[in-house]
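One structure below.
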Amino acid sequence: MPISAAHAGKTYPPTAPYEVTRGKIAEFAAALGDANPAYAAAAPVAPPTFAAVLAAEAWGALFADPELDLQLKRTIHYDQAFDFVRPLRAGDEVTASLTIDKVRLRGATAFITVSVALATTAGEPVCTAVSTLLHTWPSEDAS
Amino acid sequence: MTDLSTVAVGTELPALQVTFDRQRLVRYAGASGDFNPIHYSDHHARALGLAGCLAHGMLTMGVGLRVVTDWCVDPGRVRRYSVRFTKPVQVPDDDAGAVVHFTARVSAIEDAVATVAIDARCGEDKVLGAAVAEVSLA
């Protein structure tokens, strides 16, 4: 049986620790065309939406869970919210933990709200990234 | 530098205009690790019924926050940021690319936190919906 409202509340183990580095911050800021000096400071912080890179890592658990019957290529990113406790900084070692918050089914489409908690390996919360993902299963007669 | 002590409801932030071209999509794919081919390969995009490559929603969201962080300078002031991905930015394979216009306005201030509503348009299309950032003024 695919994902259903009964999966709300399901949590997954944290991702492997990711080390935020000065070089990755510079690369990500350049990709946004963002010359904010905070990203190139002696102790640089990451652009706020860099948190999505770590959150998307945690989404992998959804597609790896055979119980849910979800495929990345059938998934659309519908909305995104970040609640920041503090910026990610170079040197942070961060894990991302996924929770399924809510599931609504409408025909062959599932509206899945997930939250990813980003925290340092020392246990300090950094950011929560909440996303709604739309997943559509193929119709029965499609190849 | 912006003087945040004078911020009031209705304050308009300096507008921002950003060109999205194929190089930007490739750079963002590499920097973010999102290698969905619809963001760099026309034939993959067309196979899904699209006219051509689309910008990553997260790229549009990330660039859109620049209208706020260029203004408040310290990105650590951003407490919350949320958007809906209403319409993707179509990025043609040419020298002009697609130009996205970002404007923003303070819509509320409470407990020294400004709520900033962001408008993001590419031509007639509103490419982000309900885009709102909360910025600490303290």
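In order, the protein sequence lines correspond to chains A and B. Under the working numbering, the first residue of the first sequence carries the number 1, and numbering increases by one thereafter. Under the working numbering, the first residue of the second sequence carries the number 144, and numbering increases by one thereafter. Beta carbons: idealized from backbone N, C-alpha and C, even for Gly. As the structure is a computational prediction, the values presented were derived from the model and not from experiment.
Between the segment 118 to 138 of chain A and the segment 54 to 67 of chain A there are three or more inter-stretch CB-CB distances shorter than 8 Å, so the stretches are counted as touching.
Interface annotation, residue 71/A: not in contact with chain B, CB-CB separation never under 8 Å.
Chain-ordered, the chain B residues with CB closer than 7 Å to the CB of residue 87/A read 218, 219. Residue-level contact check: residue 178/B does not touch chain A, since none of the beta carbons of chain A fall below 8 Å from its beta carbon. For residue 208/B, the chain A residues whose C-beta falls within less than 7 Å of its own C-beta are 48, 49, listed in chain order. With respect to the C-alpha of residue 18/A, the residue from 90/A, 112/A, 137/A having the closest C-alpha is 90/A. Looking at the backbone, the Cα of residue 92/A and that of residue 20/A are separated by about 5 Å.
In the three-state DSSP reduction, residue 166/B falls in the helix class (H, G or I). Chain B has a Cβ within less than 8 Å of the Cβ of residue 77/A. Residue 236/B places its beta carbon less than 8 Å from that of residue 165/B.
Sequence-distant partners of residue 277/B (beyond 5 residues in either direction) whose C-beta falls short of 8 Å from its own C-beta, in its chain, are 221, 222, 223, 224, 256, 257, 258, 259. The alpha-carbon of residue 266/B is positioned some 43 Å away from that of residue 67/A. Contact annotation for residue 53/A against chain B: 174, 175, 176, 177, 201 [CB-CB distance below 9 Å, chain order]. Secondary structure within the segment 218 to 274 of chain B: the beta strand (DSSP E) runs of 3 or more consecutive residues, fully enclosed, are 221 to 227, 241 to 253, 256 to 265 (chain order).
Interface with chain A (8 Å Cβ-Cβ cutoff): residue 250/B is excluded. By the CB criterion at 8 Å, residue 231/B and residue 198/B fall inside the cutoff. Taking every protein chain shown into account, the CB of residue 23/A has fewer than 16 other CB atoms within 10 angstroms, so this residue is exposed.
Out of 261/B, 253/B, 262/B, 264/B, the CA that lies nearest to the CA of residue 151/B is found in 253/B.
The shortest CA-to-CA distance from residue 15/A to any of 137/A, 121/A, 126/A, 81/A is the one to 121/A. Burial is judged here by how many other beta carbons sit within 10 angstroms of a residue's own beta carbon; residue 80/A has at least 16 and is buried. In this structure, residue 159/B lies near residue 210/B, with their beta-carbon atoms less than 8 Å apart.
Taken residue by residue, none of the segment 103 to 120 of chain A has a beta-carbon sitting less than 9 Å from a beta-carbon on chain B. With a cut-off of 8 Å on Cβ pairs, the segment 71 to 88 of chain A is in contact with the segment 41 to 49 of chain A, counting three or more such pairs. If only complete runs of 4 or more residues are kept, the segment 65 to 138 of chain A shows no alpha helix (DSSP H) anywhere.
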